[in-house]
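J.:
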Amino acid sequence: MRVHDALRKAFTKYNAYADPFTLMELETFVQAAVREGPQGNSMKSLVDNIEVILRRSEDPDAETKAREIAEYVLQLCSSGCN
Numbered sequence: 019m020r021v022h023d024a025l026r027k028a029f030t031k032y033n034a035y036a037d038p039f040t041l042m043e044l045e046t047f048v049q050a051a052v053r054e055g056p057q058g059n060s061m062k063s064l065v066d067n068i069e070v071i072l073r074r075s076e077d078p079d080a081e082t083k084a085r086e087i088a089e090y091v092l093q094l095c096s097s098g099c100n
C-alpha cells in the first residue's frame, strides 16, 4: 500500500478532511514513524501535524482523533508502505 493511500483511507474512516497536497506533506512523517515505531519522536510529530490539520477544519475532538488516525495509518503500513 502507498503511504498516501493509507493516509487517505484513515482520514476517510474518521470523517476528517485533508486535501491531497496536505496528505503529501504528511507522507514523510508516516515513513519516519513506521521506521521508528509508535513510541518514537516521529510518531509524536505525525500526531501533532494531523492535529493541526484537524484544528484548521475546526474539529472539536482534534487531539483524540489525530492520535487515532496516526495509529490507524501505522497499522495499515505495518506490512509495508512505499
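With positions in the sequence shown counted from 1, the corresponding number in the numbering used here is that position plus 18.
We treat Cβ as the ideally placed atom computed from N, Cα and C, and that holds for glycine.
Treat the numbers as computed from the prediction; the structure is a model and nothing was measured.
#1: Enumerated in chain order, which unbroken segments of the alpha helix (DSSP H) with a length of 4 residues or greater are wholly contained in the stretch 30-82?
#2: Put R85 into one of helix, strand or coil per three-state DSSP.
#3: Would you call the CB atoms of T88 and V65 closer than 9 angstroms?
#4: Would you report the Cα separation of T30 and E54, rounded to the nearest angstrom?
#5: Cα separation between N32 and S75?
T.: With the given structure in hand:
#1: 38-54, 59-74
#2: helix
#3: It is Ala, not Thr, that sits at residue 88 in the sequence shown. The answer is yes: Cβ separation under 9 angstroms.
#4: 25 angstroms
#5: One point to set straight first is that residue 32 is Tyr, not Asn, in the sequence displayed. Taking the straight line joining both Cα atoms gives about 13 angstroms.
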